[in-house]
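Down below is the structure, laid out as structure tokens.
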Amino acid sequence: MSARMKALCCVCGSLRTCSRPRNHRAENYWMAGPIDRDWHRETGDLKCADCGRVTTHALIHPEQDTLRDHAEQMQLIGLRWTNPRLSEAKQAEIRRQYHEAFPQNPYMHHRYWKNDERTAREAGRDMFPAMCGVMMPVPKQYRENGRDVTEFDAPEQLTDEEMLNHEAFDPETGMWWDVGDCVNCLHYRNAKLLRERREELAKVLLKASVYTDKLDADLVSALLEKLRGMADK
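Counting with the numbering used here, you get residues 32 to 264 for the letters of the sequence shown.
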């Protein structure tokens, strides 16, 4: 830990500096320690001048600290973003540990890639990863008109407003949960599709740059209007 760092009061949000606070709860770097569901890491107890008492503070490491955003890095890996510095095996382990460290919403509708489902089914596995990294059961299949059709447990939840706009109680976790789509799956899916569209756009622009002398006046004007600002940045 650095000699001096900033600390943010978790009660009032005021900043102060400190060296090592009392009851320091260190980060679980690279998920190497025991996995628990207490995510109050890199926190400690300090006297807050504004609150007038000792409160929990979140520690803010200096910008030059290479592991300053370690928790954010673990979250991205847990949600299936790739980290080129880690092996595929280590990333898979972190994803498993990351999701084990949270109670899971059993009423969340997760999205998944058909290739992941097919790979798991062909390998005889019962579980496979959703887009967000959560492990979910391989959907059942049945034959209809000579085709394999995937069977969802609750397809009506996708369109039934009464099912979507309420909370449901889960006895296993003892918690109430919102019923709806997983925003992490949607985020991952949209980011992947955007990357693919950008790659497609780069190819189109490269090809178009070779044939600019064949573009008509309207298209030239439209492209200049859209792209000139980007070129000036």
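For glycine and all other residues, C-beta sits at the position ideal for the given N, C-alpha and C.
{"Item": "Our contact map puts R53 next to D76 with C-beta atoms below 8 Å; I'd like the distance itself, whole angstroms only.", "Value": "4 Å"}
{"Item": "Using the C-alpha atoms, what's the distance from E198 back to G211?", "Value": "9 Å"}
{"Item": "Identify whether V235 lies in helix, strand or coil by the three-state DSSP scheme.", "Value": "helix"}
{"Item": "I believe V165 touches R156 by the beta-carbon criterion, under 8 Å. Please report the beta-carbon distance rounded to the nearest angstrom.", "Value": "15 Å between Cβ atoms; not a contact."}
{"Item": "What is the DSSP secondary structure of I66, counted as helix, strand or coil?", "Value": "coil"}
{"Item": "Counting only runs of 4+ residues fully inside the region 114-155, write out the alpha helix (DSSP H) ranges in chain order.", "Value": "119-131 and 145-153"}
{"Item": "Report the start-end ranges of each beta strand (DSSP E) in the region 33-112 that is 3 residues or longer and not cut off at the edges.", "Value": "36-40, 46-49, 53-56, 74-79 and 84-91"}
{"Item": "Quick check on DSSP: helix, strand or coil for M162?", "Value": "coil"}
{"Item": "Roughly how many angstroms separate the alpha carbons of Y242 and V235, rounded to a whole number?", "Value": "11 Å"}
{"Item": "Please report the Cβ distance between H88 and R99, rounded to the nearest whole angstrom; I am assuming they are in contact, meaning their Cβ atoms lie under 8 Å.", "Value": "Actually they are not in contact, since the Cβ atoms of H88 and R99 sit about 16 Å apart, beyond 8 Å."}
{"Item": "Skipping 5 residues on each side, what residues in its chain have a beta carbon closer than 8 Å to that of E148?", "Value": "F159, V169, P170 and T181"}
{"Item": "Just tell me which of H130, K238, R47 and Q135 has its CA closest to the CA of T86.", "Value": "R47"}
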